[in-house]
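Peer 1: Quick one: the structure is below, and I'll ask about it shortly.
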Amino acid sequence: MSNSAFEARNFRLSLVQLGGTGADKAANLAHAKEMVLKAAQPVDGKKTDLIVLPECFNSPYGHMHFPTYAETIGYKPGEPYDVSASKSESVKVLSEMAKETGKWLLGGSIPERDESDGKLYNTATVYNPQGELVAIHRKVHLFDIDIPGGITFKESETLSGGTKLTSFETEFGKIGLGICYDVRFPEMAMIAAREGCVAMIYPGAFNLTTGPLHWELLQRARAVDNQMYVAMCSPARDMTAGYHAWGHSMVVDPMGKVISTTEHEEAIIHADIDPEMMRKTRSGIPVTVQRRFDVYPDVSA
Numbered sequence: 001m002s003n004s005a006f007e008a009r010n011f012r013l014s015l016v017q018l019g020g021t022g023a024d025k026a027a028n029l030a031h032a033k034e035m036v037l038k039a040a041q042p043v044d045g046k047k048t049d050l051i052v053l054p055e056c057f058n059s060p061y062g063h064m065h066f067p068t069y070a071e072t073i074g075y076k077p078g079e080p081y082d083v084s085a086s087k088s089e090s091v092k093v094l095s096e097m098a099k100e101t102g103k104w105l106l107g108g109s110i111p112e113r114d115e116s117d118g119k120l121y122n123t124a125t126v127y128n129p130q131g132e133l134v135a136i137h138r139k140v141h142l143f144d145i146d147i148p149g150g151i152t153f154k155e156s157e158t159l160s161g162g163t164k165l166t167s168f169e170t171e172f173g174k175i176g177l178g179i180c181y182d183v184r185f186p187e188m189a190m191i192a193a194r195e196g197c198v199a200m201i202y203p204g205a206f207n208l209t210t211g212p213l214h215w216e217l218l219q220r221a222r223a224v225d226n227q228m229y230v231a232m233c234s235p236a237r238d239m240t241a242g243y244h245a246w247g248h249s250m251v252v253d254p255m256g257k258v259i260s261t262t263e264h265e266e267a268i269i270h271a272d273i274d275p276e277m278m279r280k281t282r283s284g285i286p287v288t289v290q291r292r293f294d295v296y297p298d299v300s301a
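So that you can map any letter, position 287 of the sequence shown is 287 in UniProt numbering, and since no number is skipped, the others follow by simple counting.
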């Protein structure tokens, strides 16, 4: 287990449960900026450090929309990236948001088109306070489900799955990143925790079938499994849209306690992340050093 989590400092996390996403991409981006600027304002005398937008924040969610709203990003980890020359309208606007607020920004996710092969991805982007694009995450696990009497949806009909795990370094700690359905796979959060991440953050959009069943349960499970902070940022619910999001954006602490949440309307929530709480949790219940990879080596990374 890496010690990076204990080298982190306290920070404030803000989730923007964005509403009003419609057919007009420019309007969606403008509203997202309005809410990010609002989230950046001090609350109770405390300033935020990291702002998060929800999954698919710049477009409606659905097969018919992904190809229409997809943008080419062209980011390659470890290589210089000129935001001003980006082909992605959303990347440029998100960069402006981060720079204007002087905050770290996890820019939800957007439909992305890979210029080399035309494949579509559900992709999250991350910006530092200078507005530089520092990380992207392509959703690894696609939302392909068929619940009798509930919902049937197959993202794989239009989207491709990513092939890499993602984390990013900040001055306040290392953060792991997933998108929505990724939360159902404990291996991703386990690896992030073992690599020293203080939190695992998922922009996500559960629905009215899976939300009541598993939204809170999965976040608390990942938090307790790995004794780390877990957060999910949802869109607000819009019953006039084709896809009805659950809402209830949430932050859970390393003991599995929900420390910040909301209902389904548009909202901004804040949570204070305390690495010392992680240290105490792991010291009192030391599962991170009690794992037996000699017994179950197939899950080790």
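All residues carry an ideal CB built from backbone N, CA and C; glycine is no exception.
Counting pairs of Cβ atoms below 8 Å between the segment 212-228 and the segment 16-25, do you hit three or more?
Peer 2: In short, these stretches do not touch, since the Cβ pair count stays below three.
Peer 1: Of the residues Asp238, Met255, Asp253 and Pro254, which one's Cα is nearest the Cα of Gly247?
Peer 2: Residue numbering aside, residue 247 sits at position 247 when the sequence shown is read from its first letter. Answer by Cα proximity: Asp238.
Peer 1: Would you call the CB atoms of Ala189 and Met228 closer than 9 Å?
Peer 2: By 1-based counting over the sequence shown, the position of residue 189 is 189. By 1-based counting over the sequence shown, the position of residue 228 is 228. Taking 9 Å as the Cβ cut-off, Ala189 and Met228 qualify as a contacting pair.
Peer 1: With a cut-off of 9 Å, does the C-beta of Gly242 fall near any C-beta of chain D?
Peer 2: Looking at the structure shown, chain D is missing, and only one protein chain is on hand.
Peer 1: State the DSSP-derived secondary structure class of Trp246, mapped to helix, strand or coil.
Peer 2: Counting from one through the sequence shown, the residue named residue 246 turns up at place 246. Of the three classes helix, strand and coil, the one that applies to Trp246 here is coil, per DSSP.
Peer 1: Would you list the one or two residues that DSSP bridges to Asp144?
Peer 2: The count along the sequence shown starts at 1 and reaches residue 144 at position 144. Note: Asp144 sits in a beta bridge opposite Lys154.
Peer 1: Compare the C-alpha of Phe143 against each of Asn122, Pro129 and Glu132 and name the closest.
Peer 2: Along the sequence shown, read from residue 1 onward, the residue named residue 143 stands at position 143. Answer by Cα proximity: Asn122.
Peer 1: Should Thr281 go down as buried or exposed, given a rule of 16 or more other Cβ atoms within 10 Å for buried?
Peer 2: Here residue 281 refers to the residue found at position 281 when the sequence shown is read from its first residue. Result: buried.
Peer 1: Does DSSP put Gln17 in a helix, a strand or coil?
Peer 2: Counting from one through the sequence shown, the residue named residue 17 turns up at place 17. Looking at Gln17 - three-state DSSP - the assignment turns out to be strand.
Peer 1: Do Ser59 and Ile73 come within 9 Å of each other at the CB atom, strictly closer than that value?
Peer 2: Numbered from its first residue, the sequence shown carries residue 73 at position 73. Numbered from its first residue, the sequence shown carries residue 59 at position 59. Their beta carbons are not under 9 Å apart, which means Ile73 does not touch Ser59 by this criterion.
Peer 1: Could you check if Glu55 is buried or exposed, using at least 16 other CB atoms within 10 Å of its CB as the buried criterion?
Peer 2: Sequence index remark: in the sequence shown, residue 55 carries index 55 (1-based). Answer is buried; the Cβ neighbour count reaches 16.
Peer 1: With a cut-off of 8 Å, do at least 3 Cβ pairs link the segment 139-156 to the segment 197-216?
Peer 2: These segments touch.
Peer 1: Going by C-alpha to C-alpha distance, which of Phe168, Ile151 and Ala192 sits closest to Leu213?
Peer 2: For the purposes of this step, residue 213 is identified with residue 213 of the sequence shown, where counting begins at 1. That would be Ile151, whose Cα lies nearest to the Cα of Leu213.
Peer 1: Let me check understanding here. Comparing Cα to Cα, which of Leu50, Lys38 and Val36 lies closest to Asp272?
Peer 2: Residue mapping note: residue 272 aligns to position 272 of the sequence shown, counting from 1. Here the closest residue by C-alpha is Leu50.
Peer 1: Report all residues from its chain with a CB closer than 6 Å to the CB of Ser95; omit the five preceding and five following residues, and keep chain order.
Peer 2: As a working note, residue 95 is residue 95 in the sequence shown. Result list for Ser95: Val83, Tyr127 and Gly131, in chain order.
Peer 1: Specify the secondary structure class of Pro275 as computed by DSSP and reduced to three states.
Peer 2: Sequence index remark: in the sequence shown, residue 275 carries index 275 (1-based). Helix at Pro275.
Peer 1: Round the Cβ separation of Ile179 and Lys119 to the nearest angstrom and send it over; I've been treating them as touching at under 8 Å.
Peer 2: In the sequence shown, counting from the first residue as 1, residue 179 sits at position 179. In the sequence shown, counting from the first residue as 1, residue 119 sits at position 119. Going by Cβ atoms, the distance from Ile179 to Lys119 rounds to 16 Å, so no, they are not a contact pair.
Peer 1: Run through DSSP, which three-state label would Ser59 get?
Peer 2: Position 59 of the sequence shown, counted from the first residue, corresponds to residue 59. Note: Ser59 maps to coil in three-state DSSP.
Peer 1: Please determine, among Ala236, Val295, Gly108 and Glu112, the residue with the shortest C-alpha to C-alpha distance to Leu159.
Peer 2: In the sequence shown, the residue the question calls residue 159 occupies position 159. Leu159 has its Cα closest to that of Glu112, out of Ala236, Val295, Gly108 and Glu112.
Peer 1: With distances taken between CB atoms, is the gap from Thr288 to Asn226 smaller than 9 Å?
Peer 2: For the purposes of this step, residue 288 is identified with residue 288 of the sequence shown, where counting begins at 1. For the purposes of this step, residue 226 is identified with residue 226 of the sequence shown, where counting begins at 1. Taking 9 Å as the Cβ cut-off, Thr288 and Asn226 qualify as a contacting pair.
Peer 1: Identify whether Met97 lies in helix, strand or coil by the three-state DSSP scheme.
Peer 2: Stepping through the sequence shown from its first residue, residue 97 is reached at position 97. Helix.
Peer 1: Check each candidate in Glu34, Glu195 and Leu177 and name the one with the smallest Cα separation from Ala231.
Peer 2: The residue given as residue 231 occupies position 231 in the sequence shown. Checked all of Glu34, Glu195 and Leu177; the closest Cα to Ala231 is Leu177.
Peer 1: Can the beta-carbon of His270 be found closer than 9 Å to that of Thr48?
Peer 2: In the sequence shown, residue 270 corresponds to position 270, counting from 1. In the sequence shown, residue 48 corresponds to position 48, counting from 1. In this structure, Thr48 lies closer than 9 Å to His270 by Cβ.
Peer 1: Opposite Gly176 in the DSSP bridges: which residues?
Peer 2: Taking the first residue of the sequence shown as 1, we reach residue 176 at position 176. Its beta-bridge partners are Ser167 and Met200.
Peer 1: Where do the N-terminal and C-terminal ends of the beta strand (DSSP E) with Arg113 fall, by residue?
Peer 2: As a first step, residue 113 is located in the sequence shown; it is residue number 113 there, counting from the start. Arg113 -> beta strand (DSSP E) spans Trp104 to Arg113.
Peer 1: Based on DSSP bridge pairs, tell me the residues matched to Met232.
Peer 2: The sequence position of residue 232 within the sequence shown is 232, counting from 1. Paired residue(s): Tyr202 and Met250.
Peer 1: Going by DSSP, which residues form a beta bridge with residue 355?
Peer 2: Beyond the ends of the chain as shown, which are 1 and 301, falls residue 355; an answer cannot be given.
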